[in-house]
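Enquirer: This structure is in structure tokens; I'll ask about it shortly.
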Amino acid sequence: MLEIIDLHANIEDKEILKGLTLKINKGEVHSIMGPNGSGKSTLASILAGKEDYEITKGDILFNGESIMEMAPEERAQEGIFLAFQYPIEIPGVTNSYFLREALNSIRKSKGDKPLKPVEFVKIAKEKIKDLKMDESLLNRSLNEGFSGGEKKRNEILQMSILNPCMSILDETDSGLDIDALQIVANGVNANRGDDKSFLVITHYQRLLNYIVPDFVHVLVGGKIVKSGDKSLALELESKGYSWLEN
Amino acid sequence: MENFKKNIKDNFEDFYSQNTSSDVLNNFRKNSFSSLNSLGLPSLKDEDWRFTDLNDFYKSAFKHRIQDNKKFDSALIPESLNFSDVTFIYLYNGKLSHFDSIENVKIEDLESYISRLDSNEFEEIINGHSEKNKDFTFEMNSAFLKDGVYIEVEKNIKLKKPIVIINYYDSEASFVCHRNVINFQDLSEGQIVEYTFSDDDISFLSNKATCFLLGNSTNVEHLSVDESNKSSYILSNLKISQKKDSNFTTDTILIGGKLYRNNVHPVLNGEGSNSNILGLYLSKDSQHMDNYMFVEHIKPNCGSRQLYKGILKDTSKGVFHGRILVHNEAQKTDAKQTNRNLLLSEKAQVDTKPQLEIYADDVKCTHGATTGQIDNEALYYLRARGINLEDAKLIMIRSFTEELLEFISSNFILDLHKSFVEKWFLNSQLAKSE
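As given, the protein sequences belong to chains A and B, one line each in that order. Heads up, the first sequence is in our numbering, so the first residue is 1 and it goes up one at a time. Heads up, the second sequence is in our numbering, so the first residue is 247 and it goes up one at a time.
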């Protein structure tokens with residue numbers, strides 16, 4: 001589904017990714033772990049199409065096609081979703097309006113009819129209940145004044161409403177207490193399926209107790225230095241990253 | 247500038263000799279003209295005009311015209327104002343054309359009403375405005391005082407239908423001067439909308455004024471939208487005099503004009519009164535919109551909230567000058583001023599200047615101003631959810647105006663506000679801006 005080939009990327013002339021290669025097949029859950037500054041969030045942003053980076057080498061294929069020239073909205077319309085590490089607050093735009101606009105933009109790109117407000121609200125209310133979120137969050141300004149946990153849950157709410165086939169979770173666990181972590185993980189697990197893939201970027205092994213990955217990769221210095229199964233995450237938890245550096 | 251002075255003088259002499267009215271009004275015109283003369287015409291050296299260059303304007307010549315008794319054709323008004331359940335008043339080149347009558351409300355041609363007033367009444371209705379903030383635009387309006395409408399809502403009357411004043415200009419190279427005086431007696435309530443527009447192909451100078459007299463415990467909401475064409479010069483004054491426990495909200499949307507001076511001067515003259523002064527200036531091409539706020543707190547325990555927002559495109563320019571004057575008697579004043587600007591192009595420009603003068607010691611006065619562009623992080627976030635760049639920009643621009651809506655309680659005004667703003671968005675190809 002997603003294939004990253006020898007990706008090199010700079011930000012302001014500083015090389016962050018130095019030849020990253022990764023292949024995620026349909027239905028697989030991959031996790032990328034790594035120390036601060038190893039390039040995890042850069043990778044997430046590049047996959048979603050953020051324009052602040054200069055790709056100097058390599059390619060990203062999605063369903064066999066290069067997405068390098070695609071705008072963020074085109075990638076989202078194709079089914080790529082990034083749950084942001086720091087979701088943006090937008091005063092004056094209600095959560096519900098934003099979600100409907102997003103869903104209808106994606107539907108429109110596929111030639112589907114837009115959902116009417118009533119139809120949309122019904123879906124949104126179901127999903128928001130699953131995530132044990134307060135219904136009133138739908139009518140509040142997007143992420144404005146949301147607690148850290150509410151923002152992260154709101155990302156997962158967006159994911160479950162937009163129903164992407166490739167979800168990238170960028171440190172969705174950071175700032176969550178154990179209860180919120182379980183709710184978020186349940187939300188993610190409810191979206192798993194044979195035709196859906198996940199890339200879970202995290203600092204800690206804890207999240208992976210709930211979202212069990214098929215593969216774990218260690219990103220150090222802009223490259224994947226080790227790959228394994230879920231036991232690698234446990235090993236990292238006890239030994240740290242330092243034995244993999246250099 | 248000398249030519250312009252002469253132009254005004256010639257116009258005044260013609261006007262004065264051809265329009266004889268009551269002694270009170272004749273004297274008022276004459277005195278206002280000499281006051282205009284002693285004030286002189288402003289230049290960039292004047293503190294209150296330092297961001298607005300009038301040199302181009304002074305090169306134009308206008309002829310003061312009195313509208314003959316042609317009737318305004320109401321088929322000209324835009325669809326967004328096509329209501330059946332409102333009270334319409336039509337002004338044609340500033341002169342009262344015709345209107346729907348309603349019970350308990352006096353609606354009359356301004357000159358015909360004020361020429362019957364004795365000097366005390368005249369003083370109260372016309373000349374009772376604060377002597378602070380003398381400005382050539384208002385003195386000029388007073389010198390040529392004749393056209394416009396007088397509206398008086400009787401005591402205790404709550405208007406069931408909004409009053410909508412339509413004002414249409416179609417006279418080339420004309421200097422149009424008119425004033426609407428709107429008098430709400432004690433305990434009355436209502437909504438007033440003023441909509442100004444013009445023929446597309448004419449160039450003119452509009453010197454318009456709206457003066458509200460708000461009695462004790464009145465509750466009034468006002469919306470003013472100006473869509474005059476972009477070759478016009480508009481010197482506008484909104485003056486409000488508020489008595490005890492009165493509540494007033496005014497919402498101004500500036501869309502038209504080549505050069506627009508928007509003077510707003512609320513005077514909180516009675517204890518416990520409140521004023522919300524809202525505004526949205528939407529400028530594009532080379533439009534210049536200068537907003538001069540002067541909020542005057544005279545009595546204690548009054549509140550004022552100024553929220554003015556600008557969206558500026560192309561090479562347009564905006565000015566926000568926010569002056570608050572708190573007199574020494576006005577203890578416990580709560581005055582807040584906010585000006586926010588969204589620049590949609592690299593060449594759009596805004597000057598913003600707060601000015602607080604406080605002579606009372608127990609007051610709360612705050613001011614704040616921001617100027618920025620559409621937040622790129624927010625745009626990226628919206629796009630990452632599948633929303634196209636153009637739509638994402640529009641969502642961000644729309645959200646910028648949303649804050650104003652919180653202060654408007656009338657649904658009628660709220661819907662009109664939204665429809666004019668959306669129309670401007672649609673006509674301005676916002677998504678194509680840099």
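Cβ coordinates follow ideal geometry from the N, Cα and C atoms, glycine included. If you're wondering where the values come from, they're calculated on a predicted model, not measured in any experiment.
Excluding sequence positions up to five away, which residues of its chain have a Cβ less than 8 Å from the Cβ of Gly502 of chain B?
Expert: In the second sequence, residue 502 of chain B corresponds to position 256, counting from 1. Excluding positions up to five away in sequence, the list reads Thr442, Phe443, Ser444, Asp472, Glu473, Ser474, Asn475, Lys476, Ser478, Ile480.
Enquirer: Using DSSP with H/G/I as helix, E/B as strand and the rest coil, what is His567 of chain B?
Expert: For the purposes of this step, residue 567 of chain B is taken as the residue at position 321 of the second sequence. Looking at His567 of chain B - three-state DSSP - the assignment turns out to be strand.
Enquirer: Does the structure place the region 10-20 of chain A close enough to the region 201-216 of chain A that three or more beta carbon pairs sit under 8 Å?
Expert: no
Enquirer: Say whether chain B places a C-beta atom closer than 9 Å to the C-beta of Pro114 of chain A.
Expert: Here residue 114 of chain A corresponds to residue number 114 of the first sequence, with the count starting at 1. Output row for Pro114 of chain A: interface = no.
Enquirer: Between Ser645 of chain B and chain A, is there a C-beta pair that is closer than 9 Å?
Expert: Locating residue 645 of chain B in the second sequence gives position 399, where the first residue counts as 1. Ser645 of chain B counts as touching chain A.
Enquirer: Less than 6 Å between C-beta atoms, sequence neighbours within five positions excluded: which residues of the same chain meet that for Asn587 of chain B?
Expert: Walking along the second sequence from the start, residue 587 of chain B turns up at place 341. Cβ neighbours of Asn587 of chain B beyond the five flanking positions: Gly556, Val596, Thr617.
Enquirer: Let me see if you follow: with CB-CB separation under 9 Å, is Leu590 of chain B close to chain A or not?
Expert: As a working mapping, residue 590 of chain B is identified with position 344 in the second sequence. It does not; no Cβ of chain A falls within 9 Å.
Enquirer: For Gln85 of chain A, would you say it is in contact with chain D, using Cβ-to-Cβ distances shorter than 9 Å as the test?
Expert: Of the protein chains in this structure, namely A and B, none is chain D.
Enquirer: Let me know if Met68 of chain A comes out buried or exposed under the rule of 16 or more other beta-carbons within 10 Å of its beta-carbon.
Expert: Counting from 1 along the first sequence, the entry for residue 68 of chain A is found at position 68. So Met68 of chain A counts as exposed.
Enquirer: Using a Cβ cut-off of 9 Å (strictly closer), state whether Leu103 of chain A contacts chain B.
Expert: In the first sequence, counting from the first residue as 1, residue 103 of chain A sits at position 103. Cβ-Cβ to chain B under 9 Å: yes for Leu103 of chain A.
Enquirer: Under 8 Å, CB to CB, which of the residues in the region 634-667 of chain B have a partner in chain A?
Expert: Asn634, Leu635, Asp637, Ala638, Ile641, Met642, Arg644, Ser645, Phe646, Thr647, Glu648, Glu649
Enquirer: Is there a C-beta anywhere in chain B that falls below 9 Å from the one on Lys40 of chain A?
Expert: By one-based count along the first sequence, residue 40 of chain A stands at place 40. With 9 Å as the cut-off, Lys40 of chain A does not count as an interface residue toward chain B.
Enquirer: Within 8 Å: the Cβ of Lys378 of chain B and any heavy atom of the ligand ZN?
Expert: You won't find the ligand ZN in this model; it holds no ligand whatsoever.
Enquirer: Quick one: is Arg629 of chain B near chain A, going by C-beta distance under 9 Å?
Expert: Within the second sequence, residue 629 of chain B is the residue found at index 383, counting from 1. So yes, Arg629 of chain B belongs to the interface.
Enquirer: Would a check of beta-carbon distances place Gly49 of chain A closer than 9 Å to chain B?
Expert: The residue you call residue 49 of chain A lines up with position 49 of the first sequence. Taking Cβ atoms only, chain B reaches closer than 9 Å to Gly49 of chain A, which makes this a yes.
Enquirer: Give me the subset of the region 67-79 of chain A whose CB atoms are less than 7 Å from a CB atom of chain B, sorted by chain position.
Expert: Ala71, Pro72, Glu73, Ala76, Gln77
Enquirer: On the three-state DSSP scale, how would you describe Lys108 of chain A?
Expert: Here residue 108 of chain A is taken as the residue at index 108 of the first sequence, counted from 1. Secondary structure of Lys108 of chain A (DSSP, three-state): helix.
Enquirer: Would you call the region 545-565 of chain B and the region 578-585 of chain B in contact, with 3 or more CB pairs under 8 Å?
Expert: Yes: the two stretches touch, three or more of their Cβ pairs being nearer than 8 Å.
Enquirer: I'd like to confirm the pairing. Which residues does DSSP put opposite Ser529 of chain B in its beta bridges?
Expert: Here residue 529 of chain B is taken as the residue at index 283 of the second sequence, counted from 1. Assignment of beta-bridge partners to Ser529 of chain B by DSSP yields B:Leu558.
Enquirer: Would you mind reading off the limits of the alpha helix (DSSP H) that contains Phe250 of chain B?
Expert: Counting from one through the second sequence, the residue named residue 250 of chain B turns up at place 4. 248-264 is the span of the alpha helix (DSSP H), which, as asked, contains Phe250 of chain B.
Enquirer: Count the C-beta pairs between the region 366-378 of chain B and the region 294-312 of chain B that are closer than 8 Å, then say yes if the count reaches three, no if not.
Expert: The region 366-378 of chain B, when compared against the region 294-312 of chain B, does not touch it at the 8 Å Cβ threshold.
Enquirer: Is Ser679 of chain B helix, strand or coil by DSSP?
Expert: One-based indexing of the second sequence puts residue 679 of chain B at position 433. Residue placement at Ser679 of chain B is flagged as unreliable, the pLDDT there being 48, under the threshold of 50; the coordinate-derived value follows with that caveat. Coil.
Enquirer: Among the residues of its own chain, which have a CB less than 6 Å from the CB of Thr561 of chain B, if the five just before and after it don't count?
Expert: Reading the second sequence from its first residue, position 315 is the one you call residue 561 of chain B. When the five nearest sequence neighbours on each side are left out, the beta carbons in the same chain lying within less than 6 Å of the beta carbon of Thr561 of chain B are those of Ser532, Lys593, in order along the chain.
Enquirer: Apply the 10 Å Cβ neighbour rule to Val541 of chain B and answer buried if 16 or more other Cβ atoms are within range, or exposed otherwise.
Expert: By one-based count along the second sequence, residue 541 of chain B stands at place 295. With 16 or more Cβ atoms within 10 Å of its Cβ, Val541 of chain B is classed as buried.
Enquirer: Which of the three DSSP states is assigned to Gly549 of chain B in this structure?
Expert: Taking the second sequence and counting its residues from 1, the one referred to as residue 549 of chain B is at position 303. Gly549 of chain B: strand per DSSP, three-state reduction.
Enquirer: Given 8 Å as the limit, is there contact between the region 489-507 of chain B and the region 666-675 of chain B, that is, 3 or more CB pairs closer than that?
Expert: yes
Enquirer: Select from the region 13-46 of chain A all residues with a C-beta closer than 9 Å to any C-beta belonging to chain B, and list them in chain order.
Expert: Cβ contacts with chain B: Ser45.
Enquirer: What's the gap between the Cα of Leu514 of chain B and the Cα of Tyr304 of chain B?
Expert: Position 268 of the second sequence, counted from the start, is the residue given in the question as residue 514 of chain B. Position 58 of the second sequence, counted from the start, is the residue given in the question as residue 304 of chain B. Cα to Cα, the separation comes out at about 34 Å.
Enquirer: Below 8 Å CB to CB, which residues in the same chain sit around Leu181 of chain A once its five sequence neighbours on both sides are set aside?
Expert: To locate residue 181 of chain A, count along the first sequence from 1; it is residue 181. Result list for Leu181 of chain A: Asp173, Arg206, Leu207, Tyr210, in chain order.
Enquirer: What beta strand (DSSP E) runs, 3 residues minimum, are completely inside the region 298-371 of chain B?
Expert: Entirely contained in the region 298-371 of chain B, the beta strand (DSSP E) runs reaching 3 residues are, in chain order, 333-338, 341-345, 351-355.
Enquirer: Residues in the same chain with beta-carbon distance under 8 Å from Glu680 of chain B, minus the five sequence neighbours each way, listed in chain order, please.
Expert: Mapped onto the second sequence, residue 680 of chain B falls at position 434. Unreliable positioning characterises Glu680 of chain B in this predicted model, as indicated by a pLDDT of 47, which lies under 50. The coordinate reading is nonetheless provided below. Correct list, in chain order: Leu590, Ser591, Glu592.
Enquirer: So, with DSSP's three-state summary, where would you put Gln437 of chain B?
Expert: On the second sequence, position 191 is the one that residue 437 of chain B refers to. Three-state result, Gln437 of chain B: strand.
Enquirer: So with Cβ pairs under 9 Å, would you call Ile88 of chain A a contact of chain B?
Expert: Your numbering for residue 88 of chain A matches position 88 in the first sequence. Taking a beta-carbon distance threshold of 9 Å, Ile88 of chain A counts as an interface residue toward chain B.
Enquirer: Under 6 Å Cβ to Cβ from Gly682 of chain B, same chain only, skipping five residues before and after it: list those, please.
Expert: What is shown of chain B runs 247 to 680, which leaves residue 682 of chain B out entirely.
Enquirer: Report the residue from B:Asp299, B:Gly525, B:Phe566, B:Asp364 whose alpha carbon sits nearest the alpha carbon of Ser268 of chain B.
Expert: The sequence position of residue 268 of chain B within the second sequence is 22, counting from 1. Measuring from the Cα of Ser268 of chain B, the nearest candidate turns out to be B:Asp364.
Enquirer: Would DSSP call Val466 of chain B helix, strand or coil?
Expert: Here residue 466 of chain B refers to the residue found at position 220 of the second sequence. Look at Val466 of chain B here: in three-state DSSP terms it is strand.
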